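Data block below; observations after.
Number of protein chains: 2
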Amino acid sequence: MKKKAVVLLSGGLDSVTCLAIAAKEKYALHALSFDYGQRHRVELALARENAEKAGAEFHLVSFRLGVPEASALTSKEAAVPDYIEGEHGIPATYVPARNLVFLSFAAALAESIGARDIFIGVNSIDYSGYPDCQPEFIRSSTETANLGTKAADEKWKFQIHAPLQNLKKHEIITLGLSLGVDYSRTHSCYNPSPDGRACGKCDSCGLRKAAFEYLGLTDPALGK
Amino acid sequence: MKKKAVVLLSGGLDSVTCLAIAAKEKYALHALSFDYGQRHRVELALARENAEKAGAEFHLVSFRLGVPEASALTSKEAAVPDYIEGEHGIPATYVPARNLVFLSFAAALAESIGARDIFIGVNSIDYSGYPDCQPEFIRSSTETANLGTKAADEKWKFQIHAPLQNLKKHEIITLGLSLGVDYSRTHSCYNPSPDGRACGKCDSCGLRKAAFEYLGLTDPALGK
Chain C
23 MKKKAVVLLS GGLDSVTCLA IAAKEKYALH ALSFDYGQRH RVELALAREN AEKAGAEFHL
83 VSFRLGVPEA SALTSKEAAV PDYIEGEHGI PATYVPARNL VFLSFAAALA ESIGARDIFI
143 GVNSIDYSGY PDCQPEFIRS STETANLGTK AADEKWKFQI HAPLQNLKKH EIITLGLSLG
203 VDYSRTHSCY NPSPDGRACG KCDSCGLRKA AFEYLGLTDP ALGK
Chain X
23 MKKKAVVLLS GGLDSVTCLA IAAKEKYALH ALSFDYGQRH RVELALAREN AEKAGAEFHL
83 VSFRLGVPEA SALTSKEAAV PDYIEGEHGI PATYVPARNL VFLSFAAALA ESIGARDIFI
143 GVNSIDYSGY PDCQPEFIRS STETANLGTK AADEKWKFQI HAPLQNLKKH EIITLGLSLG
203 VDYSRTHSCY NPSPDGRACG KCDSCGLRKA AFEYLGLTDP ALGK
């Protein structure tokens, strides 16, 4: 029987690439997505589409996180800031403790179904300055999950894989293309139009746009 | 201005005592409760009642955790086992990664509202053999939360308080009574009757019943 893996899947460029990596490693895939009141909820349709394409079981968990006003991604009021190259503070789109919550649900699902491997598409090179994308956080999350579940009493451990951790955005895209990822069917934009089109201006659009340009390509998710 | 604290509140004996301890320490209280499909959802009414009595703001987060069949607490099929004195394995009522998820939401709420202090009523003396009640887990959770939030970049840290960690159940009750806790208005039973009455037989009922008896008292939540 194939080993199971839980893959955190937002439907964005990074997590869809991460799913392709896990697929190549021949796991029985369980994709896990979240509706947390994000303004770019359109990403969830693409998460589901990519999960189905990869033959993954699709799990969707819905909840409200902290207080909505705490982030430009969940607030109805706050504006999503434009991308500024080279800026690396914590931006207004940071969602309090988001990856902490996501990884906790991944551990809960993994423990429930007997998976030991969790994949998350964080990276800390070309990223948005979020603290919950750093390797120290992933290392500590692994330890906490192993202490707070049956792993503490039994002879197994969770492993959290972050295969994009040290890649530049253009390297992620090159890798994904080699694995057959169709980036026109990914959504990264924080501030899409009502019909789901990427804005091309936010932090998340800016990072991927620049990476495609670096490769001499046009981001296929733009101008759809 | 008072310092804010987030208190995880199930409505059970331990968490209501923990709330009373945080209240005594003069925090501005934010109680955080979860509807995760538990069969003893009746606890949530008592969580809200105790939060209001303590002057706490009440936050309720709803979600489904892992797969329901993974625990006797969330499965419609599995039976809740009876209490057996001195038994300390991981019981069927263990919910995968529950405290991991709860603490993650506590960190998200705390970060959102500017609280640095989180209270959780875990204890590892008279408890149900759950791995997510151990001091190493609480220590590791604190570290992970401090790495996965703005605490990593700013000059503050979360502190997770587990004031019941090393108390026996009867010591918790004695402490709670000294703080004015009304234990008739707490709910710990995993397997209540449809009208919300405690069964008196499950692990959770058995532990508190034995502790009240040790003190020469009758558990006021039984026989209501």
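In the order they appear, the protein sequences are chains C and X.
Quick note: the first sequence uses our numbering, first residue 23, plus one each step.
Quick note: the second sequence uses our numbering, first residue 23, plus one each step.
Beta carbons: idealized from backbone N, C-alpha and C, even for Gly.
Predicted, not measured: the structure shown is a model, and the values here were computed from it.
Can you check DSSP and say which residues form a bridge with residue i?
| i | result |
| --- | --- |
| C:F56 | C:V83 |
| C:H183 | C:F141 |
| C:A27 | C:L51 and C:D139 |
| X:E224 | The sequence given here places Cys at residue 224 of chain X; Glu does not occur at that position. Paired residues: X:D104. |
What does residue i touch in chain C if you count any residue whose Cβ is under 8 Å from its own?
| i | result |
| --- | --- |
| X:F141 | By Cβ distance, chain C contributes nothing, its closest Cβ being about 17 Å from X:F141, past 8 Å. |
| X:P185 | Correct list: empty, because the minimum Cβ distance to chain C is about 19 Å. |
Taking all protein chains shown into account, decide if residue i is buried (16 or more other Cβ within 10 angstroms of its Cβ) or exposed.
| i | result |
| --- | --- |
| X:S150 | buried |
| X:L237 | exposed |
| X:A101 | exposed |
| X:P216 | exposed |
| X:P242 | exposed |
| X:D104 | exposed |
| C:S84 | exposed |
| C:D36 | buried |
| X:N188 | exposed |
| X:I147 | exposed |
| C:A132 | buried |
| X:A67 | exposed |
| X:I106 | exposed |
| C:K25 | exposed |
| X:K231 | buried |
| C:E165 | buried |
| X:E176 | exposed |
| X:T208 | buried |
| C:K191 | buried |
| X:G77 | exposed |
| X:S126 | buried |
Is there at least one Cβ from chain X nearer than 8 Å to residue i's Cβ?
| i | result |
| --- | --- |
| C:F234 | no |
| C:N121 | yes |
| C:F159 | yes |
Which residues in chain C have a C-beta closer than 7 Å to the C-beta of residue i? List them in chain order.
| i | result |
| --- | --- |
| X:F85 | V83, S84 and F85 |
| X:S126 | A119, L122, V123 and S126 |
For residue i, go through chain X and note every residue whose CB falls closer than 8 Å to its CB, in chain order.
| i | result |
| --- | --- |
| C:S307 | No statement about residue 307 of chain C is possible, as the shown extent of chain C runs from 23 to 246 and does not include it. |
| C:V89 | L131, S134 and I135 |
At least one CB of chain C closer than 8 Å to the CB of residue i: is that the case?
| i | result |
| --- | --- |
| X:A92 | yes |
| X:D104 | no |
| X:A129 | yes |
| X:V144 | no |
| X:V29 | no |
List, in order along the chain, the chain X residues whose C-beta lies closer than 9 Å to that of residue i?
| i | result |
| --- | --- |
| C:D154 | L169, G170, T171 and A174 |
Anything in chain X within Cβ reach of residue i, meaning under 7 Å, just list it in chain order.
| i | result |
| --- | --- |
| C:I112 | K172 and D175 |
May I ask you to check if the CB of residue i is nearer than 7 Å to at least one heavy atom of the ligand NAP?
| i | result |
| --- | --- |
| X:G228 | Among the ligands in the structure shown, none appear at all, so the ligand NAP cannot be discussed. |
To test your reading of the DSSP string, which unbroken beta strand (DSSP E) runs of 3 or more residues are found completely within the stretch 74-158 of chain X? Whole beta strand (DSSP E) segments, 3+ residues: 79-84 and 139-141.
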